[in-house]
Amino acid sequence: MPWRTRRNGARYFYESIRVNGATRDVYWGAGPEAQQRAAEIEAQKLHRRRATELTRTLRARSAAVRRANQQLKNQVTQAALAAGFQKRHGRWRTR
0 MPWRTRRNGA RYFYESIRVN GATRDVYWGA GPEAQQRAAE IEAQKLHRRR
50 ATELTRTLRA RSAAVRRANQ QLKNQVTQAA LAAGFQKRHG RWRTR
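For the sequence shown, numbering that gives the first Met the number 0 gives the first residue as 0, with consecutive numbering after it.
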């Protein structure tokens, strides 16, 4: 967390930002503005975490659907070939 504790035990909020490639610490203090900004940053982190989890879930499900689709295509191709069809120029035809 960006809360820092000083020697006297007081906690102060700092936000790290990038300016022209360098990291800068922005001092927010210890008051209600600092607490509000800390809550906003935490909410942004939670939103990014949930978006990442959703992306991972969707990619896993998409991969499973692609595998099932490929297996189904293979089964249809085998059944069509066994039934006497052939694929010529992208179209299935009888022999």
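Where is the CB? At the ideal position from N, CA and C, for every residue including glycine.
If you look at A82, you'll find it isn't in any alpha helix (DSSP H); DSSP assigns it neither H nor E. As DSSP reads the structure, I16 sits in a beta bridge with R23.
Classified as exposed, W91 has fewer than 16 neighbouring CB atoms from the shown chains inside 10 Å of its CB. Rounded to the nearest whole angstrom, the C-alpha separation of F12 and A59 is 39 Å. If you draw a straight line from the Cα of Q34 to the Cα of N19, it is about 27 Å long.
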